[in-house]
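As structure tokens, the structure follows; a few thoughts come after it.
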Amino acid sequence: MKKDIKRLKDLRQKISNIWRHTEMELDDLSRAGLKKQLFAVSRDINDLVVELSTEIETSKGYTCSHCESDEVSVCEPCLDDMEEKI
Numbered sequence: 003m004k005k006d007i008k009r010l011k012d013l014r015q016k017i018s019n020i021w022r023h024t025e026m027e028l029d030d031l032s033r034a035g036l037k038k039q040l041f042a043v044s045r046d047i048n049d050l051v052v053e054l055s056t057e058i059e060t061s062k063g064y065t066c067s068h069c070e071s072d073e074v075s076v077c078e079p080c081l082d083d084m085e086e087k088i
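Under the numbering used here, the first residue of the sequence shown is numbered 3, with each subsequent residue one higher.
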């Protein structure tokens with residue numbers, strides 16, 4: 003659990019760091035400067051999406067193979083559906 007909280011705090015920090023590109027005085031930047039900052043924001047967001055996707059894919063939670071719920075290994079309705087098919 004502590005590992006999960008630490009991981010969430012790390013991701014929150016990375017999201018907060020995106021603001022460093024937008025909190026600067028953008029009015030004085032040239033078009034090239036603005037494009038550079040926009041590219042940096044895009045890169046940071048992409049990195050976060052990849053990181054979060056990896057976390058989701060490698061999570062140790064149980065997933066119902068039928069409805070993909072991560073609450074239980076097989077949810078009650080899916081279990082009923084499986085029973086009816088037998």
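No residue lacks a Cβ here, since even glycine has one placed at the ideal position from N, Cα and C.
Kindly indicate which three-state DSSP category residue i falls into: helix, strand or coil?
i, result
"Met84", "helix"
"Ser44", "helix"
"Thr56", "helix"
"Glu78", "helix"
Please look up how many angstroms separate the CB atoms of residue i and residue j, rounded, as I've assumed it's under 8 Å.
i, j, result
"Asp46", "Ile20", "5 Å"
Taking residue i as part of the alpha helix (DSSP H), name the residues at either end of that continuous run.
i, result
"Ile7", "4 to 19"
When the Cα of residue i is compared with those of the options, which residue comes out closest?
i, options, result
"Thr24", "Arg33, Thr60, Glu85, Ala42", "Ala42"
"Asp12", "Glu57, Lys38, Met84", "Glu57"
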